[in-house]
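Structure, as structure tokens:
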Amino acid sequence: MRSIAIGLLGAGNVGGGVVRILQDNRESIERRLGARVVVKRVLVRAMDKLRDVEIPAELLTTNPADVLDDPDIRVVVELIGGLEPARAHVLAALRHGKHVVSANKALFATHGEELFTVAAQHGVLVNIEAAVAGGIPILRSLREGLASDRIEAVTGIVNGTSNYILDAMTRSGLRYEDALAQAQKHGYAEADPTLDVEGGDAAQKLALLALFAFGLRIDPERIPTEGITRVRPFDIATAHELGYVIKSLAVARMEPQGVRMRVHPAFVPEDAVLAGVHGSYNAILVESHALGRSLYYGRGAGMMPTGMSVVSDIIEVCRSVLAFAGGGGPKRWPFANVPVVEPLPLADERFENYLCVHVPNVPGVLGRVASALGRHGVSIKRMNQDTPGPGEAIDMVILTEAVEESKLEAALHELDRFDDVLAPTHRFRMLAPDPVE
């Protein structure tokens with residue numbers, strides 16, 4: 008039976024999952040592929056590090072050239088993460104005519120144009136399924152399963168850390184700080200969780216989803232992004248009273264003028280399909296012209312789910328290696344030479360909104376708040392407030408009618424400059440119920 012040699016760059020959590028899956032599923036992979044996948048070399052930082060998955064010492068190396076320059080290695084699997092040296096290693100692999108599999112969302116959201124172009128120039132493949140939503144085959148579904156359809160929108164819970172934290176706050180009544188600590192204890196959040204909880208990770212993934220769904224390249228830094236750090240138990244409890252849960256969403260929608268994109272926490276109706284995504288799970292809701300709505304759900308991170316996606320990409324690339332064994336090969340990668348586009352501004356998008364205005368319990372304050380909203384064309388659908396004692400602060404909850412973002416932003420700017428507003432107003436967009444089909 009023919010063998011195809013691969014080399015791994017990195018043997019951390021996901022790298023260990025890849026090795027374990029290749030070991031545990033060796034016979035079934037060989038049956039499906041008609042060839043053996045052999046790990047020839049594994050690049051590591053330290054030879055003597057204790058690892059969750061045992062890797063034979065003779066496979067380990069600290070020298071990237073042992074992987075990148077080996078003519079026997081046909082597929083390089085990049086699992087280092089980050090931008091450098093991952094970018095340099097991937098470029099070297101491509102220029103040596105090696106196919107690349109990667110789980111590195113930051114690398115391909117930032118440098119994808121360069122990497123795909125070099126891959127096309129050298130007639131090799133780049134597969135990045137594991138870069139978005141862990142074990143969910145969403146990129147393959149967009150690229151292949153929905154290839155005949157016209158995708159109109161993608162709405163996802165794509166960051167397991169944020170979803171775990173919000174879910175813990177919802178189901179256990181925890182404060183944000185305590186939910187974060189719990190997520191870190193269980194390995195769902197990094198020691199520095201900034202990229203996850205401030206929305207940057209989701210924006211990078213959304214940029215890749217837009218590339219596969221719409222064939223558009225968007226700089227993730229240009230996607231309007233809000234994190235979850237300001238979500239309070241009060242907001243969670245109020246959402247529940249109103250029939251909603253708070254979820255952090257990544258949204259991209261094609262319109263005639265271009266694509267709108269955003270990442271932010273939102274009030275999601277409790278009976279909506281995305282409201283039932285718990286813990287560290289991910290889910291992506293795709294709306295397309297012919298199929299309608301389809302949901303892709305599963306574990307969004309972790310050694311085995313992400314490792315499974317990586318191995319699936321390895322198998323797909325190896326099939327191409329076998330198919331073109333007699334010469335030839337892919338001459339063009341569809342995501343090479345894709346121009347960067349600017350997402351449409353959100354100013355004219357319309358949403359109903361939840362506002363929580365923090366004011367002292369003094370006469371006339373409610374009227375001043377209502378007048379400020381009215382001056383900017385923001386209509387109040389519902390308003391209520393707690394009943395504190397004299398001199399205590401009020402959390403004034405306001406639900407607005409649907410209003411343009413520009414009008415609401417102007418109203419909030421005025422409100423938050425009032426002398427008697429004690430803290431920045433909490434605002435969340437409120438999603439409409441799922442359509443009945």
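Start counting the sequence shown at 8; every next residue gets the next number (our numbering). Ideal Cβ placement from N, Cα and C applies to all residues, glycine included.
Coarse secondary structure for residue i, derived from DSSP in three states
i: Glu205; result: coil
i: Phe435; result: strand
i: His118; result: helix
i: Leu181; result: coil
i: Ser148; result: helix
i: Ile158; result: strand
i: Gly163; result: strand
i: Val21; result: helix
i: Val318; result: helix
i: Val133; result: strand
i: Ala140; result: coil
i: Asn7; result: An answer regarding residue 7 cannot be provided, because it is not within the stretch 8 to 444 covered by the chain.
i: Asp441; result: coil
i: Ala354; result: coil
i: Leu187; result: helix
i: Ala349; result: Checking the sequence, you will find Glu at residue 349 rather than Ala. If DSSP states are grouped into helix, strand and coil, Glu349 belongs with coil.
i: Lys192; result: helix
In DSSP terms, what residue i is bridged to
i: Ala297; result: DSSP output for Ala297 lists no bridge partner at all.
i: Thr313; result: According to DSSP, Thr313 bridges with nothing at all.
i: Leu16; result: Leu50, Glu85
i: Ala343; result: None, per the DSSP bridge assignment.
i: Tyr304; result: Ala290
i: Ile11; result: Val44
i: Ser109; result: Glu85
Status (buried if at least 16 other CB within 10 Å, exposed otherwise) for residue i
i: Val347; result: exposed
i: Glu228; result: exposed
i: Met315; result: buried
i: Asp76; result: exposed
i: Asp242; result: buried
i: Glu91; result: exposed
i: His96; result: buried
i: Pro272; result: buried
i: Leu57; result: exposed
i: Pro447; result: In the structure as shown, the chain begins at 8 and stops at 444. Residue 447 is therefore absent and cannot be evaluated.
i: Arg339; result: Low confidence applies to Arg339: its pLDDT is 49, below 50, so where it sits in the model is not reliable enough to give any reading.
i: Pro431; result: exposed
i: Asn344; result: exposed
i: Pro200; result: buried
i: Arg94; result: buried
i: Pro350; result: buried
i: Thr69; result: exposed
i: Gly283; result: exposed
i: Pro78; result: exposed
Whole-Å CB distance - residue i paired with residue j, under 8 Å assumed
i: Val317; j: Val60; result: Contact doesn't hold; Cβ gap of about 13 Å is too wide.
i: Leu122; j: Leu98; result: 7 Å
i: Gly307; j: Ser287; result: 6 Å
i: Val82; j: Ile321; result: 6 Å
i: Ile253; j: Leu173; result: 6 Å
i: Ser109; j: Ile135; result: 5 Å
i: Tyr361; j: Met311; result: Actually they are not in contact, since the Cβ atoms of Tyr361 and Met311 sit about 38 Å apart, beyond 8 Å.
i: Val280; j: Leu256; result: The Cβ separation is near 12 Å, so there is no contact.
i: Glu356; j: Glu411; result: 7 Å
i: Gly141; j: Phe342; result: Wrong, their Cβ atoms sit about 21 Å apart, outside the cutoff.
i: Asp393; j: His365; result: No, Asp393 and His365 are not in contact; Cβ-Cβ is about 11 Å, not under 8 Å.
Any non-hydrogen atom of the ligand COA within 6 Å of residue i CB
i: Asp185; result: This structure simply doesn't include the ligand COA, nor any ligand for that matter.
* Report the residue ranges of all beta strand (DSSP E) runs contained in full by the segment 357-429; include only those spanning at least 3 residues, in chain order. => 357-367, 387-392, 400-407
* Where in the segment 59-98 do unbroken runs of the alpha helix (DSSP H), each at least 4 residues long, occur, reported from the N-terminal end onward? -> 72-75
* Asked: Going along the chain, which unbroken runs of the beta strand (DSSP E) with 3 or more residues stay wholly within the segment 197-283?
  -> 251-262, 265-276
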